[in-house]
Amino acid sequence: MSKKGKEQPKARVLLGRPSNNLTMGIVGLPNVGKSTLFNVLTKLSAPAENYPFCTIDPNEARVFVPDERYEWLVSQSYNPLSRVPAALSITDIAGLIRGASAGEGLGNAFLSHIRAVDGIFHVIRVFDDEEVTHVEGALDPLRDIEIINDELIFKDIEMTTKRKDVLERELHHKKDKKKLQELETVNKVLSLLEDKKQIRLEDWKAQEIDVVNSLSLLTAKPTVYLINMSERDYIRKGNKWLAKVKEWVDAHGGEPMVPFSGAIEQQYLNMSEEEAKAFSEEKKTQSAIPKIIKTGYHSLDLIHFFTCGPEEVKCWTIRKGTKAPQAAGTIHTDFEKGFICAEVMKYDEFRECGSEAAMKAAGKYRQEGKNYEVTDGDIIYFKANTVGLKK
Numbered sequence: 001m002s003k004k005g006k007e008q009p010k011a012r013v014l015l016g017r018p019s020n021n022l023t024m025g026i027v028g029l030p031n032v033g034k035s036t037l038f039n040v041l042t043k044l045s046a047p048a049e050n051y052p053f054c055t056i057d058p059n060e061a062r063v064f065v066p067d068e069r070y071e072w073l074v075s076q077s078y079n080p081l082s083r084v085p086a087a088l089s090i091t092d093i094a095g096l097i098r099g100a101s102a103g104e105g106l107g108n109a110f111l112s113h114i115r116a117v118d119g120i121f122h123v124i125r126v127f128d129d130e131e132v133t134h135v136e137g138a139l140d141p142l143r144d145i146e147i148i149n150d151e152l153i154f155k156d157i158e159m160t161t162k163r164k165d166v167l168e169r170e171l172h173h174k175k176d177k178k179k180l181q182e183l184e185t186v187n188k189v190l191s192l193l194e195d196k197k198q199i200r201l202e203d204w205k206a207q208e209i210d211v212v213n214s215l216s217l218l219t220a221k222p223t224v225y226l227i228n229m230s231e232r233d234y235i236r237k238g239n240k241w242l243a244k245v246k247e248w249v250d251a252h253g254g255e256p257m258v259p260f261s262g263a264i265e266q267q268y269l270n271m272s273e274e275e276a277k278a279f280s281e282e283k284k285t286q287s288a289i290p291k292i293i294k295t296g297y298h299s300l301d302l303i304h305f306f307t308c309g310p311e312e313v314k315c316w317t318i319r320k321g322t323k324a325p326q327a328a329g330t331i332h333t334d335f336e337k338g339f340i341c342a343e344v345m346k347y348d349e350f351r352e353c354g355s356e357a358a359m360k361a362a363g364k365y366r367q368e369g370k371n372y373e374v375t376d377g378d379i380i381y382f383k384a385n386t387v388g389l390k391k
């Protein structure tokens with residue numbers, strides 16, 4: 001096929017904020033376990049009471065991203081004076097209700113809180129408990145998912161329609177090729193939203209991405225579905241709703257889905273390490289929190305590389321696909337400007353060899369240039385010429 005006849009490459013909707021500032025927001029109906037999850041994730045004492053709108057202002061915290069590689073580097077290899085793991089920001093957002101997009105409950109304020117985060121932990125309750133009220137009166141997880149999904153779509157339709165009206169008024173007075181192209185993309189977005197399709201799951205041409213990002217759409221945010229089960233169901237790995245929820249998730253893009261039990265996680269929260277191990281062995285279960293954090297982290301296309309030495313082992317968070325000079329820039333902007341090369345060791349090879357000297361002897365200590373794409377878990381030393389750079 002000729003160059004002229006080639007299809008233009010598709011691209012994902014990507015966030016523009018720096019990778020070290022990205023945040024996952026905990027979203028769901030009232031009383032599904034959002035604040036309980038936040039408390040366990042962060043070991044903070046945010047209110048978690050049995051009534052709607054317990055959370056009004058969003059609580060925020062940063063949690064460490066579990067990584068066995070990091071633990072091995074600090075405890076078995078370098079034993080550094082300073083240890084800095086990767087972290088993810090988490091925001092607990094108050095419960096949405098039906099009609100939130102039209103201002104019901106505290107809807108507009110809560111929807112603005114969702115707009116401020118970069119990804120969504122969508123908590124879905126599948127446990128029945130007479131002592132925990134349900135804002136809709138009865139348990140129906142599929143209905144609950146649709147309520148949240150619809151409210152986000154309705155708000156996106158409202159915001160996109162406003163942008164469409166502005167563009168049409170401007171184009172009425174003066175034709176502009178760039179704005180015509182923007183209007184075309186805006187109309188495409190509206191059509192998808194009206195068909196209840198998720199913007200984040202569509203394929204977009206490269207030139208459409210900036211337009212989609214400028215709309216700050218709620219449905220463009222990557223989502224992880226967290227299924228809150230009773231202690232009994234979680235331990236026996238069964239619940240009548242679980243397969244139905246998975247079927248819905250698969251039919252709407254197949255994004256990550258992680259079952260957990262808020263009741264069990266609260267118990268782990270108050271246990272010592274030894275008690276938690278004994279509890280896991282007795283119940284033949286384990287905490288889902290490490291998996292939840294890692295799934296949220298990677299849903300934002302985040303990875304990290306390591307810088308290692310006797311003074312410090314540190315994880316540096318970057319976006320997947322970042323090239324070596326830009327990765328160096330996360331340490332210091334001068335390292336990107338004066339980038340010479342990256343000296344790279346692959347974690348698995350380093351662990352097998354046991355030391356930097358052994359890596360060099362085995363020919364596995366590599367020098368990479370500016371086109372090198374950093375991969376998750378790389379151990380890197382950057383060489384840069386910072387002499388004469390303007391401060």
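Per the working numbering, numbering through the sequence shown is continuous, rising by one, with the last residue being 391.
The C-beta atom is built at its ideal place from N, Cα and C for all residues, glycine as well.
Asked                                                                                                                                                                                         : Found
Quick check: what's the CA-CA separation for Tyr-372 versus Glu-158?                                                                                                                          : 42 Å
Output the distance between the C-alpha atoms of Thr-160 and Glu-130, rounded to the nearest integer angstrom.                                                                                : 41 Å
Under the rule that 16 or more other beta-carbon atoms within 10 Å means buried, what is Val-374, buried or exposed?                                                                          : buried
Count Cβ pairs between the segment 110–124 and the segment 223–241 that sit closer than 8 Å; are there 3 or more?                                                                             : yes
Three-state secondary structure (DSSP) at Gly-137?                                                                                                                                            : coil
I'd like to know whether the C-beta atoms of Arg-163 and Leu-215 end up nearer to each other than 8 Å.                                                                                        : yes
Touching or not, the segment 291–300 and the segment 83–92, by the rule of three or more beta carbon pairs under 8 Å?                                                                         : yes
By the 10 Å Cβ neighbour count, where 16 or more other Cβ atoms means buried, how is Gly-107 classified, buried or exposed?                                                                   : Reliability of the predicted coordinates at Gly-107 is poor, the pLDDT of 47 falling under 50, and no value is obtained from them.
Straight-line CA distance for Phe-382 to Glu-356?                                                                                                                                             : 15 Å
Looking at the structure shown, is Asp-92 part of a helix, part of a strand, or coil, going by DSSP?                                                                                          : strand
Please go through the same chain and pick out, in chain order, the residues whose beta-carbon is closer than 7 Å to the beta-carbon of Val-65, but skip the five residues on each side of it. : Pro-85, Ala-86, Ala-87, Leu-88, Ile-293, Lys-294, Tyr-297
If you draw a straight line from the alpha carbon of Thr-285 to that of Arg-351, how long is it in whole angstroms?                                                                           : 29 Å
Give me the residue from Cys-341, Cys-315, Ser-261 with the minimum Cα distance to Asp-67.                                                                                                    : Cys-315
Closest to Thr-219 by CA distance: which of Gly-369, Glu-60, Asn-149 is it?                                                                                                                   : Asn-149
May I have the straight-line CA-CA distance separating Trp-241 from Asp-233, to the nearest angstrom?                                                                                         : 11 Å
Tell me whether Met-159 sits in a helix, a strand or coil according to DSSP, three-state version.                                                                                             : helix
Using 10 angstroms around the beta-carbon of Leu-22, count the other beta-carbons present and answer buried if the total reaches 16, otherwise exposed.                                       : buried
With H, G and I counted as helix, E and B as strand and the rest as coil, what does DSSP make of Pro-259?                                                                                     : strand
For the structure I just gave you, are there three or more beta carbon pairs, one from the segment 72–86 and one from the segment 301–314, closer than 8 Å?                                   : yes
State the Cα-Cα distance for the pair Leu-217 and Tyr-365, rounded to the nearest angstrom.                                                                                                   : 44 Å
So Asn-128 packs on Lys-34, CB below 8 Å; how close in whole Å?                                                                                                                               : Note that residue 128 is Asp in the sequence shown here, rather than Asn. At roughly 18 Å, the Cβ-Cβ gap does not stay under 8 Å, so Asp-128 and Lys-34 are not in contact.
Work out the CA separation of His-252 and Val-32 for me, nearest whole Å.                                                                                                                     : 21 Å
Quick check on Ser-191: buried or exposed, where buried means 16 or more other Cβ atoms within 10 Å of its Cβ?                                                                                : exposed
Within 10 angstroms of its Cβ, does Arg-125 collect 16 or more other Cβ (buried), or is it exposed?                                                                                           : buried
Let's see if you can read the secondary structure: which residues bound the alpha helix (DSSP H) around Arg-351?                                                                              : 347–353
Does DSSP put Met-359 in a helix, a strand or coil?                                                                                                                                           : helix
What residue range is occupied by the uninterrupted alpha helix (DSSP H) comprising Tyr-297?                                                                                                  : 289–299
Compare the C-alpha of Lys-196 against each of Gln-207, Ile-145, Phe-260 and name the closest.                                                                                                : Ile-145
Under the assumption that Tyr-268 contacts Ala-278 (Cβ atoms under 8 Å), give the Cβ distance between them as a whole number of angstroms.                                                    : Actually they do not touch by this definition, with Cβ atoms about 12 Å apart.
Considering only the alpha carbon of each residue, which of Gly-363, Leu-180, Gly-137 lies closest to Pro-30?                                                                                 : Gly-137
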